[in-house]
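Student: Can you keep this structure in mind? I'll have questions shortly.
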Amino acid sequence: MRKLSIYIHIPFCIRKCAYCDFLSAPAQDTVKERYVRALEKECRAWGGLLPGYEVDTVFFGGGTPSCLKAELLTEILEELKRVFCFSDMPEITVEVNPGTADLLKLERYLEAGVNRLSIGLQSPFDEDLKVLGRIHDYAQFLDTYGAARRAGFDNINIDLMSALPGQSTARYEEGLHRIAALKPEHISAYSLIIEENTPFFEKYASHEELLPDEEEERKMYELTQTVLAGYGYERYEISNYAKPGKECRHNLVYWQGGDYLGLGLGASSLLGSVRFKGIDGLDAYLKCRDMERAGRYGEAGKCGNDRVAILQALHYQEIQSLSVKEQMQEFMFLGLRCMAGVKETEFLRRFGVSLQSVYGETLTGLQKQGLMLCEKREDCTDKEQDAIWKLTPYGIDVSNSVFVEFL
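Heads up: the sequence shown begins at 325 in this note's numbering, then just goes up one per residue.
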C-alpha cells in the first residue's frame, strides 16, 4: 500500500506571538469544540476516497494543538483511525507549547497513540522569550519537558530560534548547550524570519540594526552544527538535527515528495501530482465543512478517479495539477535540503527519464563551483547507476541560490 501522511491544523493559541504569521488566533472552548466537530466531518468525507493508502504519520500543528482539551484531540485521532487504514507503527506527533500541557494531559496523549512531541521553546532565556511574545518562561518549559518524560515519551523535538533581537552569539551558544544537555531526541533550529503582517515586521523591517548582523547570524548558524554534533546529533536536513533513527518521518515526507493530506483550516495537501489547500476563514470553514454529505456518497463519490473534481466537490481551494517539470523541480530543491541528497535511480523511477538528461548541465556546473558533489557506489554497473547528488557544506550555506538553478 502507498504511504499517506496526515497533517491536522489546530488554529488556536493562547496568544499570538509577535513573530508569528501562521493561521492562528485565540478562541473560546465552544469554538474549539465546533471546530473539532467540523474537522471530524472533513475527515469522514474522505472515507473510501483514498483506496490503496495507509497512514504512516500524523502531525498535529498550529497554532497550539496542546491548548485543546485532551479528549478533543483523542476524538480526532479516533475518527482518523475509523476512516483510514493505519500502518503498524505510525509516527503521531503533537506540537506542544510550554504551560499548555500538564502530566495528566500528556498521559492522555500517550494513551491515545501519540508517540512524539514537538515542544515550541524557541530560546532557553526568559529575555528572549519576552521579546518573542511567548506565553511561557524557561522554567515552565522545563516543567513541561519533565512531565513529558514522566508520562513516558521517548521521542521529543525541541524548537530553537537564532538571530533574535538582542541575542548575542555567546548567549545562543550557551542556549545550545543547555538544550542539548537535556538529551531530546530531535532539535529543530531555525533563524528568525521577519514576516509581513506581524508586530515584528512593523518594529524591525525598517530597523535591521536592532537585529544581529549578518556575521553574527553566520556564527550562530555554524555554532548550531558544531555544538549539536558534539552531543551526538546528526544533521539530516538544513535546519533539523536528530539522534540516530529519530529523524522526523512526517517532515521527511514533505522533503521527499510523498503524499500528504492536510485537514483543517487552511491546511495544505499534495496527493500524487495535485496540490490543494483548505478554506482559510474560520467562519467559512465552520459553515462549509458539512463535507460528509459531499464525500463518498455525495458529489465527490460520483467523480470516479478524477481527483480535481473530487476536490472541487469537497470545497478545497487553490487546486493545482503540477506539470511533470514542476514535479521534477520540487524533487530536486526539496530533496537537496536533506543531507542524504537525491538519487539518480529514484529520479528515473519517478519520472521515467534520467536525471542527467534533464539536469546534467546544471549539476555539472554546480559541481565545478564547489556547490554540489556526486557520490557513486563502487559496485554499480553501467546499467545500475546509483549516483547520489548532495550539496557540499558551501552549497548548504548558499542553498537558496543553488535551488533556483533547478527552476
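All C-beta atoms in this analysis are idealised placements derived from N, C-alpha and C, irrespective of residue type, glycine included.
By Cβ distance, which residues of its chain are closer than 8 Å to Leu428, with the 5 residues on each side in sequence left out?
Tutor: Ala394
Student: Short of 6 Å in beta carbon distance, which residues of its chain neighbour Ser725, apart from the five on each side in sequence? Order them along the chain.
Tutor: none
Student: Which residues in the same chain as Ala633 place their Cβ atom closer than 6 Å to its Cβ, once the five residues preceding and following it in sequence are excluded?
Tutor: Cys627
Student: For Pro734 versus Thr468, is the C-beta spacing smaller than 7 Å?
Tutor: Absent from the model: residue 734. The displayed extent of the chain is 325 to 731, so no value can be given.
Student: Straight-line CA distance for Gly372 to Ile330?
Tutor: One C-alpha to the other measures close to 16 Å.
Student: Here's the rule I'm using: 16 or more other beta-carbon atoms within 10 Å means buried, otherwise exposed. How should Arg339 be labelled?
Tutor: exposed
Student: If you draw a straight line from the alpha carbon of Gly322 to that of Val418, how long is it in whole angstroms?
Tutor: Because the chain is modelled from 325 through 731, residue 322 falls outside the range shown and cannot be assessed.
Student: Nearest-angstrom Cα distance between Glu540 and Phe336?
Tutor: If I take the Cα positions, the gap works out to 34 Å.
Student: For Pro414, count the other beta carbons within 10 Å of its own beta carbon; 16 or more makes it buried, fewer makes it exposed. Which is it?
Tutor: buried
Student: When DSSP labels each residue in this structure, what does Trp713 get in the three-state scheme?
Tutor: Secondary structure of Trp713 (DSSP, three-state): strand.
Student: Taking the alpha-carbon of Leu595 as reference, which of Gly588, Pro350, Gly684 and Tyr377 has the nearest alpha-carbon?
Tutor: Tyr377
Student: Determine contact between the segment 633-644 and the segment 682-700, defined as no fewer than three beta-carbon pairs at a distance below 8 Å.
Tutor: Result no; under three Cβ-Cβ pairs closer than 8 Å.
Student: Within this structure, are the beta carbons of Ser315 and Asp478 separated by less than 7 Å?
Tutor: The structure shown does not extend to residue 315, since the chain spans only 325 to 731, so no value can be given for it.
Student: Name the two residues that bound the continuous alpha helix (DSSP H) containing Lys393.
Tutor: Element bounds for Lys393: n/a, residue is neither H nor E.
Student: Hey, how far is the Cα of Leu552 from the Cα of Leu506?
Tutor: 12 Å
Student: Count the other CB atoms within 10 Å of the CB of Gly602; is the residue buried (16 or more) or exposed (fewer)?
Tutor: buried
Student: According to DSSP, is Leu660 helix, strand or coil?
Tutor: coil
Student: Between Tyr343 and Ala608, what straight-line distance do the alpha-carbon atoms span, to the nearest angstrom?
Tutor: 26 Å
Student: Let me make sure I understand the geometry here. Which of Gly689, Asp710 and Lys714 has the alpha-carbon closest to that of Leu697?
Tutor: Lys714
Student: From Arg495 to Phe727, what does the alpha carbon distance come to, in whole angstroms?
Tutor: If you take the alpha carbons of Arg495 and Phe727, they lie about 32 Å apart.
Student: Out of curiosity, what's the CA-to-CA distance linking Phe730 and Glu538?
Tutor: 26 Å
Student: Of all the beta strand (DSSP E) runs that stay within the bounds of the segment 560-616, which reach a length of 3 or more residues?
Tutor: 564-566, 583-587, 592-595 and 598-601
Student: Kindly indicate the opening and closing residues of the beta strand (DSSP E) around Ser411.
Tutor: Taken as a continuous stretch (DSSP letters only), the beta strand (DSSP E) holding Ser411 covers Phe410 to Val420.
Student: Compare the beta carbon distance of Ala472 and Leu430 with 7 Å and say whether it is the shorter of the two.
Tutor: yes
Student: So, at 6 Å on beta carbons, what are the nonlocal neighbours of Ile332 in its own chain, with the 5 sequence-adjacent residues on each side left out?
Tutor: Phe384, Leu587 and Gly588
Student: First and last residue of the alpha helix (DSSP H) that includes Tyr377?
Tutor: Where Tyr377 is concerned, there is no enclosing alpha helix (DSSP H), although the beta strand (DSSP E) it sits in stretches over Tyr377 to Gly386.
Student: Could you tell me the alpha carbon to alpha carbon distance between Tyr555 and Glu546, rounded to whole angstroms?
Tutor: 15 Å
Student: Span of the beta strand (DSSP E) holding Cys367?
Tutor: Unbroken run through Cys367 is the alpha helix (DSSP H), Asp353 to Ala369; no beta strand (DSSP E).
Student: In whole angstroms, give me the CA-to-CA distance for Glu357 and Asp412.
Tutor: 30 Å
Student: Give the DSSP-derived three-state secondary structure of Ile518 in the structure shown.
Tutor: coil
Student: Under the rule that 16 or more other beta-carbon atoms within 10 Å means buried, what is Glu708, buried or exposed?
Tutor: Residue confidence is low: Glu708 scores 49 on pLDDT, short of 50, so the model does not pin down where it sits. Its coordinate-derived value is still stated next. That one is exposed.
Student: Check whether the Cβ of Gln446 lies closer than 6 Å to any heavy atom of the ligand COA, and answer yes or no.
Tutor: What this structure holds is no ligand at all, so the ligand COA is not there to describe.
Student: According to DSSP, is Glu642 helix, strand or coil?
Tutor: In the structure shown, the three-state DSSP call for Glu642 is strand.
Student: Since Gly507 is in the alpha helix (DSSP H), which residue starts that stretch and which ends it?
Tutor: According to the sequence provided, residue 507 is Lys. The question's Gly does not apply to it. Here Lys507 belongs to no alpha helix (DSSP H), and DSSP marks it neither H nor E.
Student: Comparing C-alpha positions only, which one of Cys612, Glu435, Lys567 and Ala504 sits nearest to Leu363?
Tutor: Cys612
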